[in-house]
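Working notes, beginning with the structure itself.
Protein chains in written order, with the working numbering: chain A, 2 to 411; chain B, 2 to 411.
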């Protein structure tokens, strides 16, 4: 018998109409005889009474001095409330269900409160409940240590709960329900004709997430990838099949996915480019620069080391401290704030000639200067001015034909 | 070293000013070097976002179809939130603390969800935290089964958590903080000169609670009584010592408590008196009446069986069904709705002559008819019309001198 893990975000449970949609997906699979494990997040919208942020606001009023252990205790309530609401909904529909905390569901974690890692999932209890014909509701985002401490997995952790349960239970698929129709070729707020993809590989979705696309959490994807459990990112509010995420070779063998050069675009705003020129011919300039950044916990990106000096980027938020550090070393960096990093992602890009040429042509035709670039087997990154972002994304989207037949025919 | 269990109701944590008072009591004992276990309830006021009733409202919107097990999961959040808030408050004050769920605190219960009983308390974890110099915050009202199921103890359960912890830890005292200055001689909303008592016996407070006084939960008292742990009922908002509750003989030996005839008054409103007259000389009339009440789960009180028939009382809420039952048996009861039961309570009343005479005289002088009466070693009950309640309570309070020197000199 099939086993499906469904994950619903908290917003899907916070109003009557959304709940009807959630129920529809559960009822459909339940009536088809599928064993169902449903992972729920806390209600999400900031300001709602039972949202994670509202729980934290209770503490902030007191000066935000809650130890991490107790913070996890508090936050765990958000998912407990969501799970209870879903249980009552299913009950009203006559569908037998059981709500389990992370610990009761057998999700054992280490004791890094606030960002715990799943160590093991003991599936006995879930399997027993499934054997009794129940829909098993599991609170996402949380687990328990072997000592009985309640832990949370950090933000985005409910996706991880879902894929980890899918892996442990050898689920046929993990359905991540969201408010969009799947994984899109680009952020639709920036590219009006962005379209959903039928399928992407694990590697591609990881690239998208790491490069700023708000899709599924990379940690969640890694777990699914390791276990080979397919994931579907789909909409709570439609009947669309969404985007299938699995190994590239599976997609290829099933003819769902070809070695299309470019799958999608992602971007990150708020980037500062720093250039430190080696005017004095220092042997250890690069070392001193990056050691200073590391000492102060500043993430660096787009590193470009040349004999004449180094270029790199930091988040705009880190810019003041980065400049201060460099000046402390006696360097006077060139600073360009307000940049954006655009990622052109494609699992089939490897060795494919001409991708960079298309990028340069598209941006040049739009008179958009490329401030820096980098590339890997599956991604090409370009740094541009944030002012040019909308035009650059649209030009690249068009140049790679992503508006025409992305995802092979969706 | 002393060990004190403090219990704070949820209202004490729901606004800034109340929290300051709670802190004051904790800081005072902590600075005196006392080992402290603090039991908290969920925020209490109906309509507050995190109150127990508000959590249940989330479910009522869906038709109230939550299984008891999941209802307990949901309700347990209320105390978790209170405990987290208190932990952050103590943290801000630099007082080391730890917040434990009922299960983490070792409170093991049976699996009667919604009204679980404490089976055992494993105190290792609490003792370890105390040894580390921490204030141990425990979520009241809840426990855990040996299978890891979260249970709640039913309404008023936080008092029970506190006295059960006091008993298991051999606490020196259990302080139940409330919004009044202790246990009063009568309900101050009805008797304007009601006064706090310095001390009452376990038996007396049980009598008061069972007869309608809103004091501490009787189950909580029974646990304290069995273990001989003294309890103090005192105000969050003052520095008064409140009312000491312990064995009568201890109070007597310490000279705190003498065999004063009457300690206090309690009352219950909304009572209906039913009279079924045995006009046909039926041998089994009484049996048939009470069997019918029992079959329908109707609590009866003030039972007075005579050859001429039976008198008894039921709650006004049960009156319609009780009448219907009696009519179904072919009886036509005399019905007097809107009665009140007044309890005159005194551990030293036993064998003391003249108490009933004082009651009758006081009520007769106020022209208040006594509809029925009953008595035990420690209590005399009179049934009167609810219209007469205020005058009757005041008359009895005065007649027994409760306004003069209750509690030996408070």
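Idealized CB from N, CA, C, for every residue including glycine.
task: Determine the closest residue to residue 229 of chain A out of A:215, A:98, A:248, with distance taken between C-alpha atoms.
output: Counting from one through the first chain, the residue named residue 229 of chain A turns up at place 228. Here the closest residue by C-alpha is A:248.
task: Take every Cβ of the region 200 to 209 of chain B, pair it with every Cβ of the region 394 to 403 of chain A, and state whether three or more of those distances are shorter than 8 angstroms.
output: no
- prompt: Residues of chain B with a CB under 7 angstroms from the CB of residue 75 of chain A: which are they?
  reply: Against the first chain, residue 75 of chain A aligns to sequence position 74. The contacting residues are 81, 82, 85.
field: Three-state secondary structure (DSSP) of residue 312 of chain A
entry: Here residue 312 of chain A corresponds to residue number 311 of the first chain, with the count starting at 1. Of the three classes helix, strand and coil, the one that applies to residue 312 of chain A here is strand, per DSSP.
- request: Could you check which residue in A:256, A:337, A:128, A:79 has the C-alpha nearest to that of residue 272 of chain A?
  value: Taking the first residue of the first chain as 1, we reach residue 272 of chain A at position 271. Of the listed residues, the one whose Cα sits closest to residue 272 of chain A is A:337.
message: Between residue 47 of chain B and chain A, is the shortest Cβ-Cβ distance under 8 angstroms, so that the two count as touching?
response: Along the second chain, one-based indexing puts residue 47 of chain B at 46. Residue confidence is low: residue 47 of chain B scores 42 on pLDDT, short of 50, so the model does not pin down where it sits. Its coordinate-derived value is still stated next. Answer no: the Cβ-Cβ gap between residue 47 of chain B and chain A never drops below 8 angstroms.
- prompt: Which of the residues in the region 101 to 112 of chain A, read from start to end, lie with their CB under 8 angstroms from any CB of chain B?
  reply: 102, 104, 105
Environment of residue 123 of chain A [buried if 16+ CB atoms lie within 10 Å]: Along the first chain, read from residue 1 onward, the residue named residue 123 of chain A stands at position 122. Exposed is the call here.
query: Which parts of the region 148 to 204 of chain B are runs of the alpha helix (DSSP H), unbroken and 4 residues or longer, counting only runs that do not cross its ends?
result: 158 to 169
query: Could you give the residue range of the beta strand (DSSP E) that holds residue 386 of chain B?
result: Taking the second chain and counting its residues from 1, one reaches residue 386 of chain B at position 385. Annotation: the continuous beta strand (DSSP E) that includes residue 386 of chain B extends over 380 to 386.
message: Cutting at 8 angstroms between CB atoms, please list the residues of its own chain near residue 8 of chain B, excluding the five before and the five after it.
response: The sequence position of residue 8 of chain B within the second chain is 7, counting from 1. The answer, listed in chain order, is 39, 40, 41, 42, 141, 159, 160, 162, 163, 175, 176, 177, 178.
task: For the region 139 to 163 of chain A, enumerate the residues whose C-beta is nearer than 8 angstroms to any C-beta of chain B, in chain order.
output: Of all residues in the region 139 to 163 of chain A, only 149, 150, 151 come within less than 8 angstroms of chain B when Cβ atoms are compared, listed by chain position.
- prompt: With respect to the beta strand (DSSP E) encompassing residue 271 of chain B, which residues constitute its N-terminal and C-terminal limits?
  reply: For the purposes of this step, residue 271 of chain B is identified with residue 270 of the second chain, where counting begins at 1. Looking at the DSSP string, the run of the beta strand (DSSP E) that includes residue 271 of chain B is 265 to 278.
field: Interface flag, residue 92 of chain A vs chain B, CB-CB below 8 angstroms
entry: Position 91 of the first chain holds residue 92 of chain A. It does: the Cβ of residue 92 of chain A has a partner Cβ on chain B nearer than 8 angstroms.
Three-state class that DSSP yields for residue 409 of chain A in the structure shown: Taking the first residue of the first chain as position 1, residue 409 of chain A is located at position 408. Confidence at residue 409 of chain A is low in this model, with a pLDDT of 38, below 50, so its placement is unreliable and no value can be given for it.
- request: With DSSP collapsed to three states, give me the class of residue 261 of chain A.
  value: Walking along the first chain from the start, residue 261 of chain A turns up at place 260. The answer is coil: DSSP assigns residue 261 of chain A none of H, G, I, E or B.
field: Chain-ordered chain B contacts of residue 67 of chain A [CB-CB under 7 angstroms]
entry: Locating residue 67 of chain A in the first chain gives position 66, where the first residue counts as 1. Here the neighbours are 85, 88, 89, 92.
field: Spatial distance of residue 281 of chain A from residue 57 of chain A (CA atoms)
entry: Within the first chain, residue 281 of chain A is the residue found at index 280, counting from 1. Within the first chain, residue 57 of chain A is the residue found at index 56, counting from 1. Approximately 51 angstroms, taken between the alpha carbons.
- prompt: Among the residues of its own chain, which have a CB less than 6 angstroms from the CB of residue 286 of chain B, if the five just before and after it don't count?
  reply: As a first step, residue 286 of chain B must be located in the second chain, where it is residue number 285. So the qualifying residues of the chain are 279.
message: Can you check which of these residues, B:168, B:102, B:216, is closest to residue 149 of chain A by C-alpha distance?
response: Working through the first chain from its first residue, we reach residue 149 of chain A at position 148. Residue B:102 is the option with its Cα nearest to residue 149 of chain A.
message: Does residue 337 of chain B come out as helix, strand or coil in the three-state DSSP assignment?
response: One-based indexing of the second chain puts residue 337 of chain B at position 336. Residue 337 of chain B falls in the strand class under three-state DSSP.
Beta-ladder partner(s) of residue 233 of chain A, from DSSP: By 1-based counting over the first chain, the position of residue 233 of chain A is 232. Answer is A:176, A:245, bridged to residue 233 of chain A.
query: Within the 8 angstroms Cβ cut-off, does residue 26 of chain A reach chain B?
result: As a working mapping, residue 26 of chain A is identified with position 25 in the first chain. So, not an interface residue.
message: Could you check whether the Cβ of residue 71 of chain A sits closer than 8 angstroms to any Cβ belonging to chain B?
response: Numbered from 1 along the first chain, position 70 holds the residue referred to as residue 71 of chain A. So, interface residue.
task: Out of B:126, B:239, B:18, B:10, point me to the one whose CA is closest to residue 218 of chain B's CA.
output: Stepping through the second chain from its first residue, residue 218 of chain B is reached at position 217. The shortest C-alpha separation from residue 218 of chain B is found at B:10.
- request: Express the C-alpha separation of residue 214 of chain A and residue 268 of chain A in angstroms, rounding to a whole number.
  value: In the first chain, counting from the first residue as 1, residue 268 of chain A sits at position 267. In the first chain, counting from the first residue as 1, residue 214 of chain A sits at position 213. Spanning the two alpha carbons is a distance of roughly 7 angstroms.
query: What residue from A:86, A:15, A:133 has the CA that sits closest to residue 35 of chain A's CA?
result: The count along the first chain starts at 1 and reaches residue 35 of chain A at position 34. That would be A:133, whose Cα lies nearest to the Cα of residue 35 of chain A.
Exposed unless 16 or more other CB atoms sit within 10 angstroms - verdict on residue 104 of chain B: Counted from its first residue, the second chain places residue 104 of chain B at position 103. Looking at its Cβ environment, which holds 16 or more other Cβ atoms inside 10 Å, residue 104 of chain B is buried.
- prompt: Secondary structure at residue 49 of chain B, three-state DSSP: helix, strand or coil?
  reply: Translated into positions along the second chain, residue 49 of chain B becomes position 48. Low confidence applies here, because residue 49 of chain B scores a pLDDT of 49, under 50, leaving its location unreliable; read the following figure in that light. DSSP places residue 49 of chain B in coil when its eight states are reduced to three.
query: Excluding sequence positions up to five away, which residues of its chain have a Cβ less than 7 angstroms from the Cβ of residue 49 of chain B?
result: Position 48 of the second chain, counting from 1, holds the residue named residue 49 of chain B. Caution is warranted here: a pLDDT of 49 is assigned to residue 49 of chain B, below 50, making its placement in the model unreliable, and the coordinate value is therefore given only provisionally. Closer than 7 angstroms at the Cβ level, and outside the excluded window around residue 49 of chain B, lie 15, 55.
field: Straight-line gap, residue 290 of chain B to residue 210 of chain B (C-alpha atoms, nearest Å)
entry: Numbered from 1 along the second chain, position 289 holds the residue referred to as residue 290 of chain B. Numbered from 1 along the second chain, position 209 holds the residue referred to as residue 210 of chain B. Rounded to whole angstroms, residue 290 of chain B to residue 210 of chain B spans 28 angstroms at the Cα level.
query: Of the residues B:192, B:313, B:309, which one's Cα is nearest the Cα of residue 299 of chain B?
result: Numbered from its first residue, the second chain carries residue 299 of chain B at position 298. The candidate whose alpha carbon is nearest that of residue 299 of chain B is B:313.
query: If the cut is a Cβ gap below 8 angstroms, which residues of chain B does residue 59 of chain A touch?
result: Mapped onto the first chain, residue 59 of chain A falls at position 58. Those are 51, 82, 85, 86, listed as they occur along chain B.
message: Taking contact to mean 3 or more Cβ pairs, one atom from each stretch, closer than 8 angstroms, check whether the region 304 to 323 of chain A and the region 346 to 361 of chain A are in contact.
response: no
query: Counting only beta-carbon atoms, is residue 130 of chain B nearer than 8 angstroms to chain A?
result: As a working mapping, residue 130 of chain B is identified with position 129 in the second chain. So, not an interface residue.
field: residue 264 of chain A vs residue 346 of chain A beta-carbon contact at 8 angstroms
entry: For the purposes of this step, residue 264 of chain A is taken as residue 263 along the first chain, with counting starting at 1. For the purposes of this step, residue 346 of chain A is taken as residue 345 along the first chain, with counting starting at 1. A contact, by the Cβ cut-off of 8 angstroms.
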